[in-house]
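**Student:** Handing you this structure, nothing more for now.
In the working numbering, the protein residues as written are 4 to 209.
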């Protein structure tokens, strides 16, 4: 298909598609004459991936470039997971969180295979540090529930990846699932909070 059809099929303006081409997010089309290129279904799919990463996942162009490069690489799934995690996670200096909070997180994750510089480990410690600063230090009944839910979600993530047939689709799911999974879990948490609060706090029906 020509650029105009690619634009109408994807709902993305020609100027935006050309920008993605210049940035290397979208692979070049097949040359068809001096000033024309043809695009296939793989370009349409990649455009949908790009928009998902940017619009729903909230990634910057540079961050989307990093995770798309991981999709297109021949890296193993573990390495691809690491790239995806670090791309969507804030960079946290270990010195910015209290050692006591890090210890509490490590105790919570006891038995898990988590590297010392895992972005989730440090982010969780920073959250606990913030709760301490706000005068909310006793979270013993709350945080373990989050850890259990996170483990269940991680199992669901890997089950979904394992259900894919080939490396390309597995790798794509690693990246897209990591980015969009955060948005999905936050959205479902909002819905679940309303459901449980209605169950607990709404007056009984007459």
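Beta carbons are placed, not taken as given, at the ideal position from N, Cα and C, and that holds for glycine.
According to DSSP, is residue 33 part of a helix, a strand, or is it coil?
**Tutor:** Along the chain shown, one-based indexing puts residue 33 at 30. Of the three classes helix, strand and coil, the one that applies to residue 33 here is strand, per DSSP.
**Student:** Could you tell me the boundaries of the alpha helix (DSSP H) in which residue 80 lies?
**Tutor:** Numbered from its first residue, the chain shown carries residue 80 at position 77. Run containing residue 80: 80-91, per the alpha helix (DSSP H) assignment.
**Student:** With 16 other CB atoms within 10 Å as the buried threshold, where does residue 204 fall?
**Tutor:** Position 201 of the chain shown, counting from 1, holds the residue named residue 204. Looking at its Cβ environment, which holds fewer than 16 other Cβ atoms inside 10 Å, residue 204 is exposed.
**Student:** Cutting at 6 Å between CB atoms, please list the residues of its own chain near residue 49, excluding the five before and the five after it.
**Tutor:** Residue mapping note: residue 49 aligns to position 46 of the chain shown, counting from 1. A distance below 6 Å between beta-carbons, with the five flanking residues on each side excluded, links residue 49 to the following residues of its chain, in chain order: 29.
**Student:** Taking the alpha-carbon positions, what's the residue 100 to residue 123 distance?
**Tutor:** For this step, residue 100 is matched to residue 97 along the chain shown. For this step, residue 123 is matched to residue 120 along the chain shown. Those two C-alpha atoms are separated by around 13 Å.
**Student:** If we count the other Cβ atoms within 10 Å of its Cβ and call it buried at 16 or more, is residue 182 buried or exposed?
**Tutor:** Position 179 of the chain shown, counted from the first residue, corresponds to residue 182. That one is buried.
**Student:** Going by DSSP, what residues sit across from residue 41 in a beta bridge?
**Tutor:** Along the chain shown, one-based indexing puts residue 41 at 38. Residue 41 pairs with 33.
**Student:** Are residue 47 and residue 12 close, meaning C-beta to C-beta below 8 Å?
**Tutor:** Numbered from 1 along the chain shown, position 44 holds the residue referred to as residue 47. Numbered from 1 along the chain shown, position 9 holds the residue referred to as residue 12. Going by C-beta atoms, residue 47 is nearer than 8 Å to residue 12.
**Student:** Check for me: the alpha helix (DSSP H) holding residue 95 runs from which residue to which?
**Tutor:** The residue given as residue 95 occupies position 92 in the chain shown. Per DSSP, residue 95 belongs to no alpha helix (DSSP H) and is neither H nor E.
**Student:** Anyone know if the C-beta pair for residue 27 and residue 42 falls short of 8 Å?
**Tutor:** On the chain shown, residue 27 is found 24 positions in, with the first residue counted as 1. On the chain shown, residue 42 is found 39 positions in, with the first residue counted as 1. Result no, Cβ atoms of residue 27 and residue 42 do not sit closer than 8 Å.
**Student:** Is residue 184 near residue 160, with beta carbons less than 8 Å apart?
**Tutor:** Counting from one through the chain shown, the residue named residue 184 turns up at place 181. Counting from one through the chain shown, the residue named residue 160 turns up at place 157. Cβ atoms of residue 184 and residue 160: closer than 8 Å.
**Student:** Once the 5 residues before and after residue 10 are set aside, which same chain residues still bring their CB inside 7 Å of it?
**Tutor:** Taking the first residue of the chain shown as position 1, residue 10 is located at position 7. Closer than 7 Å at Cβ, skipping near neighbours: 16, 17, 20.
**Student:** Could you say which of 114, 105, 156 lies nearest to residue 132 if we only look at CA atoms?
**Tutor:** In the chain shown, the residue the question calls residue 132 occupies position 129. That would be 105, whose Cα lies nearest to the Cα of residue 132.
**Student:** Tell me which residues share the same chain as residue 83 and place their Cβ nearer than 6 Å to its Cβ, disregarding the 5 neighbours each side in the sequence.
**Tutor:** As a position in the chain shown, residue 83 is number 80, starting the count at 1. Only 73, 174, 177 meet the Cβ criterion.
**Student:** Can you list, in chain order, the residues of its chain with a C-beta nearer than 7 Å to that of residue 146? Leave out the 5 residues immediately preceding and following it.
**Tutor:** Along the chain shown, one-based indexing puts residue 146 at 143. Excluding residues within five positions, the ones whose Cβ falls inside 7 Å are 111.
**Student:** Use the C-beta contact count for residue 129: other C-beta atoms within 10 angstroms, 16 or more gives buried, fewer gives exposed.
**Tutor:** Within the chain shown, residue 129 is the residue found at index 126, counting from 1. Under the 10 Å beta carbon count, residue 129 is surrounded by 16 or more other beta carbons and is classified as buried.
**Student:** Note the first and the last residue of the continuous alpha helix (DSSP H) segment covering residue 173.
**Tutor:** For the purposes of this step, residue 173 is taken as residue 170 along the chain shown, with counting starting at 1. Element bounds for residue 173: 170-204.
**Student:** Are there 16 or more other CB atoms within 10 angstroms of the CB of residue 138, so buried, or fewer, so exposed?
**Tutor:** One-based indexing of the chain shown puts residue 138 at position 135. Exposed.
**Student:** Do the segment 60-69 and the segment 85-100 meet, that is, are 3 or more Cβ pairs less than 8 Å apart?
**Tutor:** Touching, yes, given that three or more Cβ pairs across the two stretches are closer than 8 Å.
**Student:** Taking its Cβ as the centre, do 16 or more other Cβ atoms sit within 10 Å of residue 23, making it buried, or is it exposed?
**Tutor:** Translated into positions along the chain shown, residue 23 becomes position 20. Counting Cβ neighbours within 10 Å, residue 23 comes out buried, since at least 16 surround it.
**Student:** Inspect the beta-carbon positions of residue 125 and residue 97 and report whether they are closer than 8 Å.
**Tutor:** For this step, residue 125 is matched to residue 122 along the chain shown. For this step, residue 97 is matched to residue 94 along the chain shown. In this structure, residue 97 lies closer than 8 Å to residue 125 by Cβ.
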